[in-house]
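To keep things clear, I will list the structure first and then write my remarks on it.
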Ligand code: ADP
Ligand code: ADP
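Written out as structure tokens, the structure is:
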């Protein structure tokens with residue numbers, strides 16, 4: 001599903017974020033990416049959806065060699081990857097329905113498809129009654145549910161999340177994590193960078209730890225392993 005071979009990333013300002021990372025993530029896995037601030041977690045994740053390009057090495061996502069990808073194929077690749085951010089990144093002037101429909105409108109999906117698919121994903125995240133609300137009318141946890149619905153709209157094979165519970169209180173974080181568990185149970189691969197020690201230690205999923213741009217630990221039923 002996702003493979004990296006000897007991936008290096010140096011930013012234009014000279015910071016080296018990844019140093020020779022190789023990893024394989026299979027279909028259906030749920031993977032936590034942990035490590036200290038500045039270790040390279042976000043970079044690792046951004047490379048997977050081609051927000052950043054590697055300086056060296058190769059990356060395959062769902063069969064696409066993502067650096068060799070032609071520009072015109074990028075939208076097709078991105079549709080197979082849902083991305084969820086810490087700060088939700090919802091469009092403030094659009095309703096919840098419109099925020100979720102956006103990715104379908106961009107690809108000019110038929111209106112009929114939009115009318116059936118959007119309510120489907122809103123139902124999955126438990127927000128059927130909020131379709132007409134604006135993001136500012138929702139709580140943080142609800143806004144994160146909207147961004148998860150948006151990530152799911154094209155039924156991606158993988159969801160990549162960068163600290164999705166970073167702005168949420170502990171109880172809401174657990175609710176969001178239950179939702180990710182449910183999505184994973186339905187077959188979607190999940191790769192999530194997180195600082196949430198409690199959640200990682202309770203879930204006993206695969207844990208990849210990154211320090212100074214290298215994978216220092218990769219365990220099938222791992223633990224968080226840092227004080228916080
Ligand atoms: P983490 O997500 O683990 O906090 P990052 O991947 O954000 O780590 O950062 C890894 C290293 O790369 C850090 O030294 C950071 O300052 C640097 N870095 C990240 N993004 C950029 C960027 N856009 N330009 C320059 N340096 C960056
Ligand atoms: P995170 O650890 O969640 O990635 P940061 O605050 O480290 O959050 O980074 C926020 C944004 O700034 C990211 O898009 C990252 O790529 C970028 N960034 C991080 N470090 C640097 C840096 N040294 N120079 C430029 N951009 C950076």
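Numbering (the UniProt record's numbering), first residue to last: 1 to 228.
A virtual CB, placed ideally from N, CA and C, is assigned to each residue, including glycine.
Here the structure is a predicted model, which is why all the values come from computation and not from measurement.
Runs of the beta strand (DSSP E) lying entirely within the region 58-130 and spanning at least 3 residues, in chain order: 81-85. Membership of residue 149 in the alpha helix (DSSP H) is indicated by the continuous run 140-152.
If you check the C-beta of residue 193 against ligand 1, you find a heavy atom less than 8 Å away.
Cα atoms of residue 227 and residue 196: separation of roughly 11 Å, rounded to the nearest angstrom. Placement of the Cβ of residue 20 at a distance of 8 Å or more from every heavy atom of ligand 1 is found. Residue 114 and residue 190 have their C-alpha atoms spaced approximately 25 Å apart. Residue 81 has its alpha-carbon roughly 14 Å from the corresponding atom of residue 180. In this structure, DSSP gives residue 185 a helical state, which the three-state scheme calls helix. With a cutoff of 8 Å, residue 44 counts as near ligand 1, since its C-beta is closer than that to a heavy atom of the ligand.
Around residue 177, the same chain offers 199 as residues with beta carbons nearer than 6 Å, after the five sequence neighbours per side are excluded.
With fewer than 16 other Cβ atoms inside 10 Å of its own Cβ, residue 137 counts as exposed.
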